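Here's the structure, in structure tokens; my notes come after.
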Amino acid sequence: MSSLFTVLAGKSADTFKLGGIEFQAAPVTLREYGEYLASQEGSIADQTVWLADKLKRRLQNATKTDPEEITPDWVLDNLPLPFMKIVNHILLYGEMPKESSEKKA
Amino acid sequence: MVWDVLGVNGWTLAQVMDLTFPQLLFIQRGRGRILYARLEPQIQANLANLSAKPGSNGEPSEAQKIIDRWQQRKANITTPPTQEEKTLAYARRILLAPYLGDPDVVEPEAEQASHVKPFPGMGVDEAQAWVAYVRARKCPDNVWLEIGDVYPAIYMAAQVKRE
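Here it is in structure tokens:
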């Protein structure tokens, strides 16, 4: 039941860590995801600008970390390319990818 | 998937685009579109059976019966329930006991309401007119200030059975 309310509110109970900073796994809206798909056709800089903007709003503890710290450059430094797929999944579905489904695939 | 939701709920594309993907899945599973779209054909079928033709034995038509019942409710004319209706209501109340509590326990508020005495010297017709007036939301505030305190008594006077 509690998961129902987090879904309706567009939030998530899960968190994930990047470069020692904790972020909420809240899903993006379809409009934002459309912007992301459009940015994928551009350079990698376009993608990091989008990612930095979304991660900035998903800081778990905004008092601990200054949101201004999360810049496109910070994303490039702290987000290894293999993790890109996981972060994609988190921002779309609002939860960590399930291990069982990964093993099947 | 987006088109599925758009065609059912009458939502605009902009509204759907502002949903997150889990929200869209939630709606698409059907939980968000339960009532109107599914019941609309049934409602229309029920309304199609309704006719304004009077019956062969001089009975009022179905439509006329509905209108009469509605006007009785508006004028606050209540007919006492038959024994059958009382039994049915009591059995239903027992089935709903997990949600509404023990049916045999009289709530203190209901008990208090029964102690309100009908407004002295006011006829049934006059009281029913007052109640209809208030229920139709025609009562201005300055009048309500005058009668608000005694309205329960007026309401009880409207419930007095005609002899």
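Chains as they are written, first to last, in the working numbering: chain U, 1 to 105; chain P, 1001 to 1163.
Cβ coordinates follow ideal geometry from the N, Cα and C atoms, glycine included.
These figures come from a predicted structure and were not determined experimentally.
Would you mind sorting residue i into buried or exposed? The rule is 16 or more other CB atoms within 10 Å of its CB.
i: F83/U; result: exposed
i: W50/U; result: buried
i: L1019/P; result: buried
i: P1041/P; result: exposed
i: E102/U; result: Residue confidence for E102/U is low, a pLDDT of 49 falling below 50, so the modelled location carries little weight and cannot support an answer.
i: V75/U; result: buried
i: W1130/P; result: buried
i: I1067/P; result: exposed
i: I1043/P; result: exposed
i: A52/U; result: buried
If we ignore side chains and look at the alpha-carbon of each, how far apart do residue i and residue j end up?
i: K1053/P; j: Q1064/P; result: 9 Å
i: V1134/P; j: L1100/P; result: 29 Å
i: Q1072/P; j: T1079/P; result: 9 Å
i: K98/U; j: I86/U; result: 10 Å
i: M1017/P; j: N1046/P; result: 36 Å
i: A1157/P; j: Q1083/P; result: 25 Å
i: Q60/U; j: R31/U; result: 23 Å
i: K104/U; j: A9/U; result: Because K104/U sits at a pLDDT of 45, beneath the cut-off of 50, its placement in the model cannot be relied upon, and the point is left open.
i: Q47/U; j: V28/U; result: 15 Å
i: D14/U; j: R58/U; result: 11 Å
i: I1094/P; j: S1061/P; result: 35 Å
i: T1012/P; j: V1150/P; result: 51 Å
i: K11/U; j: L1025/P; result: 14 Å
i: Y1090/P; j: P1098/P; result: 14 Å
i: F5/U; j: Q1023/P; result: 10 Å
i: P72/U; j: G42/U; result: 15 Å
i: G1148/P; j: H1115/P; result: 17 Å
i: P1152/P; j: A1136/P; result: 17 Å
i: A1055/P; j: A1048/P; result: The amino acid at residue 1055/P is misidentified as Ala; the sequence shows Gly. Each residue's Cα considered, the two are about 17 Å apart.
i: N1057/P; j: R1069/P; result: 20 Å
i: Q1015/P; j: A38/U; result: 20 Å
i: A40/U; j: I1027/P; result: Per the sequence shown, residue 40/U should be read as Gln rather than Ala. Cα to Cα, Q40/U sits roughly 28 Å from I1027/P.
i: L1096/P; j: P1081/P; result: 20 Å
i: P1120/P; j: K1138/P; result: 24 Å
For a contact meaning CB atoms closer than 8 Å, what does residue i contact in chain P?
i: L30/U; result: V1002, V1016, M1017, D1018, L1019, T1020, F1021, L1024
Between residue i and residue j, how many whole angstroms is the CB-CB distance? I'm expecting something under 8 Å.
i: A1075/P; j: A1127/P; result: Not quite, the Cβ-Cβ distance comes to about 12 Å (not below 8 Å), so this is no contact.
i: V1160/P; j: V1124/P; result: 5 Å
i: G19/U; j: N78/U; result: 3 Å
Do residue i and residue j have their CB atoms nearer than 8 Å?
i: I1154/P; j: M1122/P; result: yes
i: K56/U; j: I70/U; result: yes
i: A25/U; j: E95/U; result: yes
i: F1021/P; j: Y36/U; result: no
i: K54/U; j: L81/U; result: no
i: T65/U; j: I21/U; result: yes
So which residues on chain P does residue i lean against when the C-beta distance must stay under 9 Å?
i: L37/U; result: Under the 9 Å cutoff, chain P gives no residues; its nearest Cβ is about 13 Å from L37/U.
i: P27/U; result: T1020, F1021, P1022, Q1023
Return yes when the C-beta of residue i is under 7 Å from any heavy atom of the ligand MN, and no when it is not.
i: L92/U; result: Absence of the ligand MN is noted for the structure shown, with no ligands found whatsoever.
Give the interface partners of residue i over in chain P, defined as CB-CB distance under 7 Å, in chain order.
i: L92/U; result: F1021
i: V7/U; result: P1022, Q1023, F1026
i: G10/U; result: T1020, Q1023
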